[in-house]
Amino acid sequence: MLVNEAIGTRRSAADSDQIRRALRARYDELTVEYDEALTQSQVLRLVEVGDTAGDDQADSGTKTAERDTAQSLLRTILDRRAQFEHALSRLDEGAYGWCEGCGDSIPVERLEIFPSATTCVSCKQTRERRAA
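Counted from 1, the sequence shown has number 14 at position 14 by UniProt numbering; the numbering is strictly sequential.
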């Protein structure tokens, strides 16, 4: 359980510790994932630098696409890791589980699926509509 079932009451220290462990574990997993992706990206660059003889436009295009994909993956992982870092700060501040938009509680089901959520479903939908 990520937040107290009785929304509006103070979360117990045990609940906070359980949430912190879950968030920290996912943060650590993302750190390992980032390190692995960074290593793969560096290997890809080394192969690219050492293997350009005889390349035609298609080979260059493929290498560029692979490099772009690797960079996109690194950015995505860093973004997700930052979300978990933010969730940990919100937990420390006592704001975890409360919507940054309207201040209402974020449904437990949403936090179980998306532990780094900072908005309730309604505020998230409003943001997505505005962005479209």
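For glycine and all other residues, C-beta sits at the position ideal for the given N, C-alpha and C.
| Check | Outcome |
| --- | --- |
| So E122 is in the alpha helix (DSSP H); what residue range does that whole segment cover? | The residue asked about is misnamed: residue 122 is Ser in this sequence, not Glu. Run containing S122: 121 to 131, per the alpha helix (DSSP H) assignment. |
| Taking DSSP as the reference, what is the three-state secondary structure of S12? | coil |
| Determine the direct distance from the alpha carbon of L23 to that of E100, and round the result to whole angstroms. | 18 Å |
| In the DSSP assignment, find the unbroken alpha helix (DSSP H) run with I106 in it and report its ends. | Here I106 belongs to no alpha helix (DSSP H), and DSSP marks it neither H nor E. |
| So, at 7 Å on beta carbons, what are the nonlocal neighbours of A87 in its own chain, with the 5 sequence-adjacent residues on each side left out? | L23, Y96, P115, S116 |
| Nearest-angstrom Cα distance between E128 and D104? | 18 Å |
| Measure the Cβ-Cβ separation of A65 and Q40 and say whether it is below 8 Å. | no |
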